[in-house]
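Beneath this line is the structure, given in structure tokens, with notes to follow.
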Amino acid sequence: MKKIPVSEIFYSVQGEGKYCGTPSVFVRVGGCNLKCPGFGDKGCDSYYAVDKNYQKEWVLMNIEEIKKEILKYLDKKPHLVITGGEPTLFHKELYPLVEWFENQITIETNATIDIDFEKYPKYKDVVFAMSVKLSNSGEEYNKRVKKEVIKSYAKNAKKSFFKFVIDRDLKNEIEEITKNIDIPIYCMPLGATKEELEKNAPFVFEFCLKNGYCYSDRIHIRLFGKKKGV
Ligand code: SF4
Numbered sequence: 198m199k200k201i202p203v204s205e206i207f208y209s210v211q212g213e214g215k216y217c218g219t220p221s222v223f224v225r226v227g228g229c230n231l232k233c234p235g236f237g238d239k240g241c242d243s244y245y246a247v248d249k250n251y252q253k254e255w256v257l258m259n260i261e262e263i264k265k266e267i268l269k270y271l272d273k274k275p276h277l278v279i280t281g282g283e284p285t286l287f288h289k290e291l292y293p294l295v296e297w298f299e300n301q302i303t304i305e306t307n308a309t310i311d312i313d314f315e316k317y318p319k320y321k322d323v324v325f326a327m328s329v330k331l332s333n334s335g336e337e338y339n340k341r342v343k344k345e346v347i348k349s350y351a352k353n354a355k356k357s358f359f360k361f362v363i364d365r366d367l368k369n370e371i372e373e374i375t376k377n378i379d380i381p382i383y384c385m386p387l388g389a390t391k392e393e394l395e396k397n398a399p400f401v402f403e404f405c406l407k408n409g410y411c412y413s414d415r416i417h418i419r420l421f422g423k424k425k426g427v
């Protein structure tokens, strides 16, 4: 089985979305199929797991090696969060990990890569935190929105939810993407630093109230800014 490029593995508190505040082990894979140039000076806030210049820091690991790291924290009964980069690039290689881990698993994804849920049925128990990219990501629509993939995740993995990063009124875009898909919608303020987050948070708070969306803060950015491994 192909090894997986791993940017970091760490134990922390989930900082955003449906399970915000839950102790979790994070496995961050390296590599993404998007670049999101609209998100700050380096593109996305996990640029070190996307930008090829940081590739030498990624460690190629097999599933047994990843499990060994996760085992260090199992006494805390954590959730497992597989994030990136874009973890679904490696969904075939990651499947034995999904079969093995007994507590809740969340996969943080841009929801652009299809998964065969019949061939890999354990993914039906996974929560897909679908952070579908909006126009503020700077990506082209056809690259960032794959409606068939989004529908398939929502239909097969029923505990999934949407998670949008916003800094302005993007209601029309959110409605267009989520139309006829009955899973929760979370919105979070755009910002890679505490200052940017605080600037955008009041608007996002009001935006959620007005439209009936769930508000999610981003605890790790509020507390640690751009620091890795937290
Ligand atoms: S999809 Fe996510 S990980 Fe990939 S470049 Fe965009 S923000 Fe970064």
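Residue numbering for the sequence shown follows our numbering, starting at 198 and increasing by one per position.
Every residue gets a Cβ at the ideal spot worked out from N, C-alpha and C, and that includes glycine.
- Task: Go to Ser328, then tell me how far its alpha helix (DSSP H) extends in each direction, as first and last residue.
- Result: Per DSSP, Ser328 belongs to no alpha helix (DSSP H) and is neither H nor E.
- Put Lys316 into one of helix, strand or coil per three-state DSSP. coil
- Message: Tell me which residue opens and which closes the beta strand (DSSP E) that Thr280 is part of.
- Response: His276 to Thr280
- Message: For the ligand SF4, I want to know if Glu283 counts as a neighbour, meaning its beta carbon is within less than 7 Å of at least one of the ligand's heavy atoms.
- Response: yes
- Quick one: does the C-beta of Lys330 sit closer than 7 Å to a heavy atom of the ligand SF4? yes
- Message: For Lys348, tell me which candidate among Glu336, Asp379, Asn333 and Arg341 has the shortest Cα-Cα distance.
- Response: Asp379
- Task: Return the residue from the list Glu393, Ile416 and Pro386 that minimises the CA-CA distance to Cys405.
- Result: Pro386
- Query: Counting along the chain, where does the beta strand (DSSP E) carrying Pro173 start and finish?
  - Reply: Past the boundaries of the shown model lies residue 173; the chain is included only from 198 to 427, so the question cannot be answered.
- I think Ala326 touches Gly282, with their Cβ atoms under 8 Å apart; what is that distance to the nearest whole Å? In fact, because the Cβ distance is near 14 Å, the residues do not count as touching under 8 Å.
- Query: Closest by CA to Arg225, which one among Leu291, Tyr412, Lys199 and Asn369?
  - Reply: By alpha-carbon distance to Arg225, the top candidate from Leu291, Tyr412, Lys199 and Asn369 is Leu291.
- Which residues DSSP lists as bridging Ser221, in chain order: Bridge partners of Ser221: Ser209 and His276.
- Go ahead and pull the three-state DSSP assignment for Val429. Nothing about residue 429 can be read from this structure; the chain reaches only from 198 to 427.
- Message: Please classify Arg365 as buried or exposed, where buried requires at least 16 other C-beta atoms within 10 Å of its C-beta.
- Response: Label assigned to Arg365: exposed.
- How far does the beta strand (DSSP E) with Glu429 in it reach, from first residue to last? For residue 429 there is no data in the structure shown, the boundaries of the chain being 198 and 427.
- Query: Can you tell me whether Gly426 is buried or exposed, with buried defined as 16 or more other CB within 10 angstroms of its CB?
  - Reply: exposed
- Query: How many angstroms separate the CA atom of Val342 from the CA atom of Lys355?
  - Reply: 20 Å
- Message: Is Lys232 close to the ligand SF4? I mean its beta-carbon at under 7 Å from any heavy atom of the ligand.
- Response: yes
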